[in-house]
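Counting from 288, one number per residue, gives the positions in the sequence shown under the working numbering.
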Amino acid sequence: MRKLLKTRKKVMNNEQNNTENKDSNLISAMNHVAENTSMSVSPMQKSDDAPADKQVLIRATEHDRDRWKNASNKVGVTLSSWIRDVLNKEAASVLDCPHPSHQVRYYPWATICLECGQRFPVVQ
């Protein structure tokens, strides 16, 4: 019985040493990667990405960000490109007049949509 207990104890010690070796190997490998890897963030280049040089910081829940990321992946574009596309479409629906050009009147002092009354900047 004692011999069985000693053998079991020896096996447990060996397993513990192996686990410690694996942990120390993992830690040393992680340290090596951290020391030899550039920590700069390089943007993902896609053909539809325009040179965007301004940043907009927004707060979002993790769930929202994951949904946005999944949607952008499904469309096949970067998250930032997808967000720009969605926001540009929404801005156009709010800011741009959706009515046909025959309902727009051009005056020297303003350009006005007769349907919705929106005033456009004067083009010089």
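The C-beta atom is built at its ideal place from N, Cα and C for all residues, glycine as well.
None of these values were measured; they are calculated from a predicted model.
Handout entry: Beta-bridge partners of residue 391, as assigned by DSSP
Key = Answer is 400.
Handout entry: Extent of the continuous alpha helix (DSSP H) to which residue 370 belongs
Key = Start and end: 366 to 382.
Exercise for the section: Within the same chain, show all residues whose beta-carbon is closer than 6 Å to that of residue 399, passing over the 5 residues directly before and after it, in chain order. Expected result: Excluding sequence neighbours, residue 399 sits near 392 and 406.
Exercise for the section: Measure the alpha-carbon distance for residue 404 versus residue 379 and round it to whole angstroms. Expected result: Each residue's Cα considered, the two are about 16 Å apart.
Practice task
Go ahead and pull the three-state DSSP assignment for residue 346.
Solution key: In the structure shown, the three-state DSSP call for residue 346 is coil.
Problem - Test item: CB-CB of residue 355 and residue 366 under 8 Å - result: The Cβ-Cβ distance between residue 355 and residue 366 falls below 8 Å.
Practice task
Give the DSSP bridge partners of residue 406, in chain order.
Solution key: Per DSSP, 399.
Problem - Neighbourhood of residue 390 by C-beta, 7 Å cutoff - its chain only, sequence neighbours within 5 removed - result: Contacts found: 400, 401 and 402.
Exercise for the section: Buried or exposed for residue 396, please, with buried defined as at least 16 other CB atoms from any protein chain shown within 10 angstroms of its CB. Expected result: Exposed.
Practice task
Less than 8 Å between the CB atoms is what I'm expecting for residue 339 and residue 371, so what's the real figure, rounded?
Solution key: Contact holds; Cβ gap of about 7 Å.
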